[in-house]
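**Q** First to last, the protein sequences are chains D and X.
My numbering puts the first residue of the first sequence at 2, with every later residue one more than the last.
My numbering puts the first residue of the second sequence at 13, with every later residue one more than the last.
Glycine included, every Cβ here is placed at the ideal spot set by N, Cα and C.
Remember, predicted model here, so these are calculated numbers, not experimental data.
Once you've had a glance at the structure underneath, I'll fire off some questions.
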Amino acid sequence: MTDLEHFNSVIDAHLAGDSIPPQTPEEQLAADIIMFAQGFELSSESDAAIIQQLKAVSPHQRVQLPFIANRSLRVASVSIGLMALMVLGVLTVPPLRALAQDLLRQIGRITVSDAPSYYDVYSQQPTISPNSTPIPDITPQIYENRLLSLDEVSRLADFTVYAPSYLPARYRIGSRDLWQSDGLKSVTTSYHNPITYDGLSISQSIYAVNEPDQTRQFPVGDAEMVDVMVRGVGGLWVEGVTTWPEGSTLNMLFWQEGDFTFMLQTSRLSQAEMIRIAESLE
Amino acid sequence: MSGYAQQRGFQRMKTKDDDLPKDPLRDFTAIYETHHSTIYRYILARVGTIEDAQDVTGQVFLKAYQHSESYTGKAPMIYWLIGIARRCVIDHYRRNKPNLLLSDAIELPDSAPSLEDGLEQRNRLKRVSDALGALSEDRREAITLRLFAGLSNSEIADLMGKTIEAIAMLIHRGIQDLKIRLGGELS
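Now the structure itself:
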């Protein structure tokens, strides 16, 4: 047997799980690399995410993936619903209290009500009293947010912006930017899972004390509202808010902490997972 | 045959493919189960980080599923999947411009379960991947397919359009290069 043949037989043996003692440094290194490579397996989370995505695409949909074919647009689409709600929430809106039935929750200057969600209002044109305030003509857009560093966005916002020390597996940062309007400064950081295209956003907002009328309203329609404890204070978990694109829903977590109002939004994560993320903010 | 090869199924790959339904893509999850480790480790050696390798692996199987009509069944399925993986790795490098600030990269939480425990493993992976990246393209590809993906010299010869002897030589010489670059890194 030549040296090269022996070298290959050592590799074959190690790949097969058998043991032929390496006789040269090259054989030893090849065996070491094989052992090293064998130490890597897809994590169970990744495995599950990939299988879930494959199963979600039935054979007749193979060429037409869910929502949008282009990857960057699909990632962006995750944030459409998140951003649309965030932006709409700071606008002067119709008197939602008038539309709400009876469920109203106040979190800082945010009012969460069971009035029809923005998606329901703008996409389905629900029946509204002729006397109600006209609904502004707003179309959700894909906002090109910057990805600022934590230091930079904190400097621009003039407050310390929190970041999570925990994120679910595979979630990655997509943007972090400052949103300002009269009497409001809000920093929103968005994350997404590049395999499942699920999204997560964390908003930290502060309102000017000299503009007490500046409020935000979040009508959530039939979504379920649950009082929860977050970081030692009372918060509100809202599950199943309809949003863009069609057929999508969001889960939201609100709480007030000192001068800041926090709002976390997710396209998929559970209440327990969102609270875990919230608890890790620092 | 036992152990690693059986777990990986690469030596029996043709048999396994033969065992699949006549329409080999009818149950794509079975195909995924058969081949995902091979594809993942191949990509891992090429991209050098666990997270990127996981992402690219997912993209490979989604693309494979989307374009399943392009698999003719004339060659083992792993050849087709490796071809897709190669293109996805190239796309990965084209797409990933260094647009994250270092502070963001440090601050970004990494929730992989074994991050702390596997830190040294990650560092080694990066060094091995960098060392592979410094080899000639043929040597790098042959070593990656052989030692990471676990393919046989015969399969690699088919994939690279070379003789089995040429592949054996590429791998041996590539290992000699790696020995110089890595020293006792993996010992």
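Which ranges would you report for the alpha helix (DSSP H) in the stretch 245-274 of chain D if only whole runs of at least 4 residues count?
**A** none
**Q** My parser needs the beta strand (DSSP E) runs of 3 or more residues fully inside the stretch 152-212 of chain D; what are they?
**A** Counting only runs that start and end inside the stretch 152-212 of chain D, the beta strand (DSSP E) elements of at least 3 residues fall at 173-182, 185-193, 200-208.
**Q** Measuring only the C-alpha atoms, how far is X:Ile-94 from X:Ile-51?
**A** Here the alpha carbons of X:Ile-51 and X:Ile-94 stand approximately 7 angstroms from one another.
**Q** Roughly how many angstroms lie between the CA atoms of X:Gln-71 and X:Cys-100, to the nearest whole one?
**A** Computed Cα separation, rounded: 7 angstroms.
**Q** Determine whether the beta carbon atoms of D:Leu-148 and D:Val-162 lie at a separation below 8 angstroms.
**A** no
**Q** Under the rule that 16 or more other beta-carbon atoms within 10 Å means buried, what is X:Ile-90, buried or exposed?
**A** By the 10 Å Cβ count, X:Ile-90 comes out buried.
**Q** Does any residue of chain X bring its CB to less than 8 angstroms from the CB of D:Leu-1?
**A** Limits of chain D in this structure are 2 at one end and 283 at the other, which puts residue 1 of chain D out of reach.
**Q** For D:Pro-195, would you say it is in contact with chain X, using Cβ-to-Cβ distances shorter than 8 angstroms as the test?
**A** yes
**Q** Does X:Tyr-44 come within less than 8 angstroms of chain B when only Cβ atoms are used?
**A** You won't find chain B in this structure, because its protein chains are D and X.
**Q** Is any beta-carbon of chain X found at less than 8 angstroms from that of D:Gly-233?
**A** It does not: the Cβ of D:Gly-233 has no partner Cβ on chain X nearer than 8 angstroms.
**Q** Can you pull the chain D neighbours of X:Asn-165, defined as C-beta to C-beta under 9 angstroms?
**A** Asn-9, Ile-12, Asp-13
**Q** Am I right that D:Ser-281 and D:Ser-166 are in contact with their C-beta atoms under 8 angstroms? What's the rounded C-beta distance?
**A** 4 angstroms
**Q** Is the beta carbon of D:Ser-191 less than 8 angstroms from the beta carbon of D:Phe-263?
**A** no
**Q** Please list the residues of the stretch 178-193 of chain X that have a C-beta atom closer than 8 angstroms to any C-beta atom in chain D, keeping them in chain order.
**A** Of all residues in the stretch 178-193 of chain X, Ala-180, Met-181, Ile-183, His-184, Ile-187, Gln-188, Leu-190, Lys-191 have a Cβ within less than 8 angstroms of some Cβ in chain D.
**Q** Output the distance between the C-alpha atoms of X:Leu-157 and X:Gly-173, rounded to the nearest integer angstrom.
**A** 14 angstroms
**Q** By the 10 Å Cβ neighbour count, where 16 or more other Cβ atoms means buried, how is X:His-48 classified, buried or exposed?
**A** buried
**Q** What is the C-beta distance between X:Ile-155 and X:Ser-166, in whole angstroms, given that I count them as a contact (C-beta under 8 angstroms)?
**A** About 16 angstroms; that fails the 8 angstroms criterion.
**Q** Is the number of C-beta pairs between the stretch 216-236 of chain D and the stretch 106-124 of chain D that are closer than 8 angstroms three or more?
**A** Taking 8 angstroms as the limit for Cβ pairs, the verdict is that the stretch 106-124 of chain D does touch the stretch 216-236 of chain D.
**Q** For D:Gln-39, count neighbouring C-beta atoms within 10 Å of its own C-beta (all shown protein chains included) and say buried if the count is 16 or more, exposed if not.
**A** Buried: at least 16 other Cβ atoms inside 10 Å.
**Q** Which residues does DSSP pair with D:Ser-114 in a beta bridge?
**A** D:Leu-105, D:Pro-220
**Q** On the premise that D:His-193 lies in contact with D:Arg-173, defined as a C-beta separation below 8 angstroms, what is that separation, rounded to the nearest angstrom?
**A** In this structure, D:Arg-173 and D:His-193 form a Cβ contact; the two beta carbons are roughly 6 angstroms apart against a cut-off of 8 angstroms.
**Q** For X:Ala-146, which residues of its own chain have a beta-carbon under 7 angstroms away from its beta-carbon, when the five flanking residues on both sides are left out?
**A** Arg-193
**Q** Sort D:Gly-259, D:Phe-261, D:Trp-256, D:Asn-252 by Cα distance to D:Thr-267 and report the nearest one.
**A** D:Asn-252
**Q** Please list the partners that D:Gln-54 has in chain X, where partner means a Cβ-to-Cβ separation under 8 angstroms.
**A** Neighbours of D:Gln-54 on chain X, chain order: Gly-70, Leu-74.
**Q** Measure how close the beta-carbons of D:Thr-250 and D:Val-242 come, nearest whole angstrom, since I'm counting them as under 8 angstroms.
**A** The pair is a contact, with the Cβ atoms about 6 angstroms apart (cut-off 8 angstroms).
**Q** So, is D:Pro-141 buried or exposed, given that buried needs 16 or more other C-beta atoms within 10 angstroms?
**A** Confidence is the limiting factor: at D:Pro-141 the pLDDT is only 37, short of 50, which leaves the residue's position unreliable, though a coordinate-based value still follows. Flag for D:Pro-141 reads buried.
**Q** Let me know if X:Leu-131 comes out buried or exposed under the rule of 16 or more other beta-carbons within 10 Å of its beta-carbon.
**A** exposed
**Q** Residues of the stretch 49-67 of chain X in Cβ contact with chain D at a cutoff of 9 angstroms, in chain order, please.
**A** Ser-49, Tyr-52, Arg-53, Leu-56, Ala-57, Ile-62, Glu-63, Ala-65, Gln-66, Asp-67
**Q** For X:Arg-151 and chain D, any beta-carbon pair shorter than 8 angstroms?
**A** no
**Q** Which of the three DSSP states, helix, strand or coil, is assigned to X:Gly-70?
**A** helix
**Q** Let's see if you can read the secondary structure: which residues bound the beta strand (DSSP E) around D:Glu-225?
**A** 225-231
**Q** Between X:Thr-41 and D:Leu-265, is the Cβ-Cβ spacing less than 8 angstroms?
**A** The answer is no: Cβ separation not under 8 angstroms.
**Q** Would you mind working out which of D:Asp-115, D:Ala-224, D:Ala-170 sits nearest D:Arg-277, comparing C-alpha positions?
**A** D:Ala-170
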